[in-house]
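J.: So the protein sequences, as listed, match chains X and E.
FYI, in the numbering used here the residues of the first sequence are 1 to 162.
FYI, in the numbering used here the residues of the second sequence are 163 to 424.
For every residue, glycine included, the Cβ atom is placed at its ideal position computed from N, Cα and C.
Provided herewith is a single structure, encoded as structure tokens, for subsequent inquiry.
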Amino acid sequence: MTTATTTISEADQELSRRRFFSQLGLGSLGVAAVGTLAFYYRYLSPNVLFEASPIVNAGIAENYPVDSVTLDATSGIYLIRVQEGFFSLKAVCTHLGCLTAWKPELGVIACPCHGSRFSREGQKLAGPAPKSLPWLKTWLSDDANLMVDRSAEIPALQFLRI
Amino acid sequence: MANGIDTLIGKAEKTRVWRSIFRSGAGQSTLHRALAIQQNVFLHLFPTKVRRRMISLGATWYLGILTLGTFLLLLITGVLLMLYYHPSVPQAYADVKDLKYAVTSGLFLRNLHRWSAHAMVFLAFAHMFRVFYRGAYRPPREFNWVVGVVLLLFTLLLSYTGYLLPWDQLAFWAITVGSNISAAVPVVGNKFHFLLLGGNQVNANALLRFYVLHCAILPLTAVLFLVVHFWRIRKDGGLYVRKSEPHDQDEPKAASGAGEKQ
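Set out below in structure tokens:
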């Protein structure tokens, strides 16, 4: 009597061979599916990018008079010289990535796409842009050229004194 | 004249070649007509019997068939444009200029493609407004509405990916702005942006990816959903015709008579 009950409950819990193998099969298919997704994700992400270097050589400082704003449209950066020194701003609007333009008659940087406005120091003044224009790391190279790293953002108002 | 053609078709239907292609023969019985549908690879997915009213193009104010028409026009003109267009940075813009100024009828085909694309977006929206305000989305057609929303999405994605291909300033900035919108998706946004462009900026990889999406992946997937859309029309009881529509009230006999004639 007792033995019979035990056998039944064991049979309920025990994995039959058929069930075991079908679960094993489905499980390995699941693993293969995840692997396939990872495979495609890796394949679609290029390892080598043929994009311009983030470091820009802007030439000698004498090219930039005091109180001037120069747009380097190819690199998407501003090279600005003021009394305090030299600094560089990213010229790409923080809203949706359009190239902004310096408006000397208004003294502001304006985005042609959706009307955002920034001060000469990159401070957001108006428009849909969520953030100010970031300041970029600038330094003088050994042969006295101004260098800008487009991929390195620094806190605002850190002027490069020359 | 018409009689002559009828006799000619009648004779052709009796030949061995005709019978090898259309096995069912040309009888007028219900069986013959059912077999004609069932034994045709293009039609066999559909029910063998359907009321004419249910698939009458006028039921969607012709907006459905017009959207399909523009889609077919886009397929044909698109394939023709592919024969002159290279999706590479040095060539893309020049190829579009070539199509405009140097290729015979190139300007016509390109403009046909462009205006059909605009028309298709407009017609798809108009079609959906008609379906919505007439209540044709209600059960049992609710799933076909969902398929229709997916098709609208594909229409817009096809428009968007095609936008980059001329590789001019408008294209470049439109895709820069549009792809930055996709980067705003929480968590995966930046990864998705990178995968979509194949890089960090709109460049050679982005042009090629948009080309493949525009010419292969998106149209093929859209055709798949189109097939489901047309199949569901018949499976869901045909196109929706509102009972209170004037022609239904005024001529109930004519309407049912049209159905029986099938």
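Report yes if the C-beta distance between L79 of chain X and S88 of chain X is below 7 Å; otherwise report no.
T.: Going by C-beta atoms, L79 of chain X is nearer than 7 Å to S88 of chain X.
J.: Within this structure, are the beta carbons of G76 of chain X and L160 of chain X separated by less than 7 Å?
T.: In this structure, L160 of chain X does not lie closer than 7 Å to G76 of chain X by Cβ.
J.: Run the CB neighbour count on Q83 of chain X, radius 10 Å, all protein chains shown included, and call it buried at 16 or more, exposed below.
T.: Label assigned to Q83 of chain X: exposed.
J.: Looking at K90 of chain X and L177 of chain X, is the spacing between their C-beta atoms short of 7 Å?
T.: No answer is possible for residue 177 of chain X: it lies beyond the span of chain X, which begins at 1 and ends at 162.
J.: Helix, strand or coil, according to DSSP, for G127 of chain X in the structure here?
T.: Coil, per DSSP.
J.: How many Å lie between P381 of chain E and L320 of chain E at the Cα?
T.: Cα to Cα, P381 of chain E sits roughly 8 Å from L320 of chain E.
J.: If you draw a straight line from the alpha carbon of D72 of chain X to that of A336 of chain E, how long is it in whole angstroms?
T.: Rounded to whole angstroms, D72 of chain X to A336 of chain E spans 21 Å at the Cα level.
J.: Whole angstroms is fine: what's the gap from L44 of chain X's alpha carbon to A126 of chain X's?
T.: Their Cα atoms are separated by approximately 38 Å.
J.: Determine contact between the stretch 221-235 of chain E and the stretch 289-298 of chain E, defined as no fewer than three beta-carbon pairs at a distance below 8 Å.
T.: Counting Cβ pairs under 8 Å, three or more are found: they touch.
J.: DSSP on I60 of chain X, reduced to helix/strand/coil?
T.: Looking at I60 of chain X - three-state DSSP - the assignment turns out to be strand.
J.: The beta strand (DSSP E) with A101 of chain X in it runs from where to where?
T.: Looking at the DSSP string, the run of the beta strand (DSSP E) that includes A101 of chain X is A101 to K103.
J.: Of all Cβ atoms in chain E, is any one closer than 7 Å to the Cβ of L160 of chain X?
T.: L160 of chain X does not count as touching chain E.
J.: Which residues, in chain order, does the stretch 84-117 of chain X contribute to contact with chain E at a C-beta distance below 7 Å?
T.: Here the close residues are L96, G97, C98 and C113.
J.: Can you find a CB in chain E that lies within less than 7 Å of the CB of E51 of chain X?
T.: With 7 Å as the cut-off, E51 of chain X counts as an interface residue toward chain E.
J.: Would you say L237 of chain E touches the ligand GDP, meaning its beta carbon is less than 6 Å from a heavy atom?
T.: No copy of the ligand GDP occurs in the structure displayed, which carries no ligand at all.
J.: For V309 of chain E, which residues in the same chain have their Cβ closer than 7 Å to its Cβ, ignoring the five residues on either side in sequence?
T.: Excluding positions up to five away in sequence, the list reads F387, V390, H391 and R394.
J.: To which residues of the same chain is P155 of chain X closer than 8 Å at the C-beta, ignoring the five residues directly before and after it?
T.: Excluding positions up to five away in sequence, the list reads W135.
J.: Between which residues of its own chain and P328 of chain E is the CB-CB distance below 6 Å, once the five residues before and five after are set aside?
T.: Closer than 6 Å at the Cβ level, and outside the excluded window around P328 of chain E, lie V258.
J.: Determine the burial state of T239 of chain E: buried for a count of at least 16 other Cβ atoms within 10 Å of its Cβ, exposed for fewer.
T.: Classification of T239 of chain E: buried, given that the 10 Å Cβ count is 16 or more.
J.: Confirm, please, whether the CB-CB distance from D398 of chain E to N306 of chain E is below 7 Å.
T.: Yes, Cβ-Cβ distance for N306 of chain E and D398 of chain E is below 7 Å.
J.: Within 10 angstroms of its Cβ, does S116 of chain X collect 16 or more other Cβ (buried), or is it exposed?
T.: Under this definition S116 of chain X is a buried residue.
J.: With DSSP collapsed to three states, give me the class of Y78 of chain X.
T.: Y78 of chain X falls in the strand class under three-state DSSP.
J.: Of the residues E:V403, E:D330, E:L357 and E:T338, which one's Cα is nearest the Cα of Q253 of chain E?
T.: The shortest C-alpha separation from Q253 of chain E is found at E:D330.
J.: Give me the chain E residues within the contact set of L133 of chain X, using Cβ-Cβ distance strictly less than 9 Å, ordered along the chain.
T.: Within chain E, no residue comes near L133 of chain X; the closest Cβ sits about 15 Å away, beyond 9 Å.
J.: If you run the structure through DSSP and keep just helix, strand and coil, what is W139 of chain X?
T.: Correct three-state label for W139 of chain X: strand.
J.: Please report how far the alpha carbon of E175 of chain E lies from the alpha carbon of G25 of chain X, in whole angstroms.
T.: Their backbone Cα atoms lie some 54 Å apart in a straight line.
J.: Going by other Cβ atoms of all chains shown within 10 Å of its Cβ, with 16 needed for buried, is G297 of chain E buried or exposed?
T.: It counts as exposed.
J.: Compare the C-beta of T338 of chain E with all C-beta atoms of chain X and state if any pair is closer than 7 Å.
T.: It does; some Cβ of chain X falls within 7 Å.
J.: According to DSSP, is A110 of chain X part of a helix, a strand, or is it coil?
T.: Correct three-state label for A110 of chain X: strand.
J.: With F159 of chain X as the anchor, note down where its beta strand (DSSP E) starts and where it stops.
T.: Neither: F159 of chain X is in no beta strand (DSSP E) and is coded neither H nor E.
J.: What are the uninterrupted segments assigned as beta strand (DSSP E) that are 3 or more residues long and contained completely in the stretch 21-62 of chain X, given in chain order?
T.: Segments of the beta strand (DSSP E) lying fully in the stretch 21-62 of chain X: 55-60.
J.: Let me make sure I understand the geometry here. Which of E:N273, E:I199 and E:W277 has the alpha-carbon closest to that of R185 of chain E?
T.: Ranking the options by Cα distance to R185 of chain E, first place goes to E:I199.
J.: Measure the C-alpha to C-alpha separation of M282 of chain E and T317 of chain E and round it to an integer number of angstroms.
T.: In a straight line, the C-alpha of M282 of chain E is about 8 Å away from that of T317 of chain E.
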